[in-house]
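Undergrad:
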Amino acid sequence: MQPQTTETSVSVKVSKNEALTRRLKQFFKYKLAVIGLIVILVQIFLAIFANSVTSYSPTVQDLTHVNLKPGSPGHWLGTDNYGRDMWSRLVFGARLSLMVGFSSVIIGTVIGTLLGLLAGFYKFLDTIIMRISDLMFAFPGILLAMLIIAILGTSLLNVVIAISIWSIPSCARIVRGSVLSLKKQEYITAMRALGASHFRIIFQHILPNGTAPIIVFATMHMGTAILSTSALSFLGLGAEPSTPEWGAMISAGQQYMWQAPHLVIIPGIAIMLVVFAFNVVGDALRDMLDPNMKSR
Amino acid sequence: MGKQVALYQINDVKKHYPIKSGLLKRTKKAVRAVNGITLDIQENETLGVVGESGCGKSTLGRIILGLEPLTEGELIFKGENITHYRSSQLKPLKRQMQMIFQDPYASLDPRQKIGPAIEEGLIIHTSLNAQERKQKVIELMQEVGLQPSHYSRYPHEFSGGQRQRIGIARALALNPSFIVCDEAVSALDVSVQAQVINLLKRLQQDYRLTYLFISHDLGVVKHISDRVLVMYLGNMVELASVKDLYSNPRHPYTNALLSAIPRPTVAKERVKIKLQGEIPSPANPPSGCPFHTRCPLAQSVCSDQKPEWRNIGGDHFAACHFA
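Shown next, in the form of structure tokens:
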């Protein structure tokens, strides 16, 4: 036994750094995902330093410079129909969409994960939680969000709440699935044999082993959440028109689509890029974290 | 043997898994995984349990540890009837009963470092502080032949034999008196098997442990056990001391099992008893003696009457009309 022991300890010293570099290398193989990651990082950078990278307030109107084309002096992305700087609105819109995306994904994922853990672990809760989520699945997502906003009233905060609620059942279902397979593992039986409480088993052993699908879900859902926020704002159910929100910007700009197409095209491209970025990164994460996809 | 105090008494334990079918999910039949086991496990002995896969030996081990509710019967641990204990009542007892698992790859949490894995029982059951616990874990690791430097390694960094040692250290952490070894060495290769068995034997002496050693490997069971129980289709077939059972098997099933052990000698060609047919389904067991469908000695009485479990002399028990 002794020589074997020392042998592993040598190989093990390196393996921690190795594992990380291997993961990174693996990630960089997905070229699209790298582009997606760059887009996300740029968005995060703009969101954090929004005040430094813009020279105009996103809401101050300048009626002498209305509908300036991109490339105009002082306004490199032009201005909108009230003379507000498009670049500023775009950058502050990035901040807003990240905030809305993150908060709704975090709320939805945390609650969804908790419910999924309970449903997967306790059979009697499973039926209740899963039937309720079936009920919610029966509605198209955007319709459900509209329903919630109709009840709560129109505001960006309510958009966050609506999108959170709407993401709970899908998250719960994903977590439940992995709990069902994890709880049959022998190390969970070993914990029961040790006399571990359910709380300890669920949060110390099942949850840490079931994080991969949750991370993938959260990443993919960021894109969806951002898109839905814009969609709801476009429909007039989210941000007010003056707010620099991408969906609201498109909605306000559509009347001037023929005279000033950049009012619609610029926020449209921003939404598309960001949603695309989160989706490809989520895809790559799923492939990386799923042991069955390793061979690809 | 028989004069000692029984550490664990098992009285006519049955475990039936209902098969539900139809629209109203009515119980039509049941899989009789364990069908009437009565055992006295003596203190400081190793009781081997052998049988083909699917004969209910693992289920028996899980029932004994309270991991699986039983359908019928009684469990008496140290004179205490624990049959209907709720999990909160069982918790203090779990300190005294532990389990070593078959698959050392599956029985350790892949995301938990091994130090904390061994420590877990101490956190659950004792009020030791972090430093005392770490001290104890390191002692345990040395006891089972691991190095203290392994404390913060993950299970995937170890070989199968080392992982089984981790499992043993985890089971030992609470100073249990009784350990169920469920196929504890079956997943290891032969040389490592021997090391782990010797470790188990040494620990038994040092800590006065009692083992229920479940295995399908008759050679391993012979090496480690004091007494051996043979199971077939959830039923007890034969129970005797190792020497008695291996030299003088009285039940035709035991006989068939023993004749199947490969022997490295060429000198004496032994007659192998080849059993015909498959093991019957435990959902639909044969009438009378469960073994009569495959038994070379079967008579008409075997299919009519279930043979009684009886002492056939010298604490040698068997369930056969002709034993």
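Residue numbers (my numbering), protein chains in the order written: chain A, 1 to 296; chain B, 1001 to 1323.
Positions of the beta carbon are idealized from the N, C-alpha and C atoms, including for glycine.
Being a predicted model, the structure only gives us computed values, none of them experimental.
1. Does the region 242 to 252 of chain A touch the region 222 to 231 of chain A, meaning 3 or more C-beta pairs lie closer than 8 Å?
2. Report, in whole angstroms, the separation of the C-beta atoms of residue 1316 (chain B) and residue 1240 (chain B), which I expect to be a contact under 8 Å.
3. Closest Cβ-Cβ distance between residue 1125 (chain B) and chain A: below 8 Å?
4. Contact defined as beta carbons within less than 8 Å: I believe residue 1253 (chain B) pairs with residue 1213 (chain B). What is the distance between those atoms, to the nearest angstrom?
5. From residue 1228 (chain B) to residue 1289 (chain B), what distance separates their C-alpha atoms?
6. To be precise: take each residue of the region 171 to 196 of chain A, compare its Cβ to all Cβ atoms of chain B, and keep it if any distance is under 9 Å. Which residues remain?
7. In this structure, does DSSP put residue 189 (chain A) in helix, strand or coil?
8. Please compile the residues from chain B whose C-beta is within a distance smaller than 7 Å of the C-beta of residue 81 (chain A).
9. Mind checking residue 1307 (chain B): buried by the 16 CB within 10 Å criterion, or exposed?
10. Taking 8 Å as the CB-CB cut-off, is residue 1139 (chain B) touching chain A?
11. When you compare the region 1071 to 1083 of chain B with the region 1143 to 1159 of chain B, are there three or more beta-carbon pairs, one atom per stretch, that lie closer than 8 Å?
12. Residue 1251 (chain B) and residue 1324 (chain B) - do their beta-carbons sit closer together than 8 Å?
13. Which bits of chain A does residue 1106 (chain B) rub up against, with CB to CB less than 8 Å?
14. Output, in chain order, the set of chain A residues within a Cβ distance shorter than 9 Å of residue 1109 (chain B).
15. Using the C-alpha atoms, what's the distance from residue 1208 (chain B) back to residue 1018 (chain B)?
16. Here's the rule: buried if 16 or more other CB atoms are within 10 angstroms of the residue's CB, otherwise exposed. What is residue 23 (chain A)?
17. Using three-state DSSP, classify residue 216 (chain A) as helix, strand or coil.
18. Determine the chain A residues that contact residue 1121 (chain B) at a beta-carbon separation under 9 Å, and present them in chain order.
19. Just the C-alpha distance for residue 1022 (chain B) and residue 1016 (chain B), rounded to the nearest angstrom, thanks.
20. On the DSSP bridge assignment, give the partners of residue 1006 (chain B) in chain order.
21. So does the region 97 to 116 of chain A actually touch the region 257 to 265 of chain A, counting three or more Cβ pairs closer than 8 Å?
22. Going by Cα to Cα distance, which pick from A:64, A:208 and A:194 is closest to residue 1098 (chain B)?
23. In angstroms with no decimal places, state the Cα-to-Cα distance between residue 243 (chain A) and residue 276 (chain A).
24. Just mark residue 76 (chain A) as buried or exposed, buried being the case when its beta carbon has 16 or more other beta carbons within 10 Å.
25. What residues from chain A crowd round residue 1317 (chain B), counting only those whose CB sits closer than 7 Å?
26. If contacts are defined as beta-carbon pairs under 8 Å, then residue 120 (chain A) and residue 179 (chain A) qualify, I think. What distance do you get, rounded to the angstrom?
27. Using alpha carbons as the reference points, say which of B:1183, B:1139, B:1145 and B:1163 lies closest to residue 1174 (chain B).
28. Within the continuous beta strand (DSSP E) that includes residue 1198 (chain B), where are the two ends?
29. Quick one: does residue 1098 (chain B) have its CB under 8 Å from some CB of chain A?
30. Take residue 126 (chain A) and list the residues in its own chain whose beta-carbon comes closer than 6 Å to its own, dropping the five residues that flank it on each side.
31. Do we get a CB-CB distance below 8 Å when we pair residue 1178 (chain B) with the residues of chain A?
32. Is the beta carbon of residue 152 (chain A) closer than 8 Å to that of residue 161 (chain A)?
33. Note the first and the last residue of the continuous beta strand (DSSP E) segment covering residue 1212 (chain B).
TA: Well, looking at it:
1. With a cut-off of 8 Å, the region 242 to 252 of chain A and the region 222 to 231 of chain A count as touching, because enough Cβ pairs lie within range.
2. Rounded, the Cβ-Cβ distance is 4 Å, consistent with contact.
3. Taking a beta-carbon distance threshold of 8 Å, residue 1125 (chain B) counts as an interface residue toward chain A.
4. In fact, because the Cβ distance is near 19 Å, the residues do not count as touching under 8 Å.
5. Those two C-alpha atoms are separated by around 20 Å.
6. The residues in question are 185, 186, 187, 188, 189, 190, 191, 192, 193, 194, 195 and 196.
7. In the structure shown, the three-state DSSP call for residue 189 (chain A) is helix.
8. Result: empty, since nearest Cβ-Cβ is about 55 Å, beyond 7 Å.
9. Taking all protein chains in view, the Cβ of residue 1307 (chain B) is crowded by 16 or more other Cβ atoms within 10 Å, so the residue is classified as buried.
10. It does not; no Cβ of chain A falls within 8 Å.
11. No contact exists between the region 1071 to 1083 of chain B and the region 1143 to 1159 of chain B.
12. This structure does not reach residue 1324 (chain B), given that chain B is present from 1001 up to 1323, and the question cannot be answered.
13. Per Cβ cutoff of 8 Å: 185, 186 and 187.
14. Per Cβ cutoff of 9 Å: 185, 187, 188, 190, 191, 204, 205, 208 and 209.
15. When rounded, the distance between both Cα atoms is 39 Å.
16. Here residue 23 (chain A) is exposed: its Cβ has fewer than 16 other Cβ atoms, across all protein chains shown, within 10 Å.
17. Assignment of residue 216 (chain A) by DSSP, reduced to helix, strand and coil, places it in the helix class.
18. Correct list: 194, 195 and 196.
19. Rounded to the nearest angstrom, the gap between the Cα atoms of residue 1022 (chain B) and residue 1016 (chain B) is 19 Å.
20. B:1042.
21. Segments in contact, no.
22. Comparing alpha carbon positions, the residue from A:64, A:208 and A:194 closest to residue 1098 (chain B) is A:194.
23. Each residue's CA atom was taken as its position, placing residue 243 (chain A) and residue 276 (chain A) some 24 Å apart.
24. So residue 76 (chain A) counts as exposed.
25. Think of a sphere of 7 Å around the beta carbon of residue 1317 (chain B): no beta carbon from chain A falls inside it, the nearest being about 29 Å out.
26. So it is a contact: roughly 3 Å between Cβ atoms.
27. For the residues B:1183, B:1139, B:1145 and B:1163, the minimum Cα distance to residue 1174 (chain B) belongs to B:1139.
28. Per DSSP, residue 1198 (chain B) belongs to no beta strand (DSSP E); it is in the alpha helix (DSSP H), 1190 to 1207.
29. Residue 1098 (chain B) counts as touching chain A.
30. Result list for residue 126 (chain A): 119, in chain order.
31. For residue 1178 (chain B), the answer is no, since every Cβ of chain A falls outside 8 Å of its Cβ.
32. The answer is yes: Cβ separation under 8 Å.
33. The continuous beta strand (DSSP E) containing residue 1212 (chain B) extends over residues 1210 to 1214.
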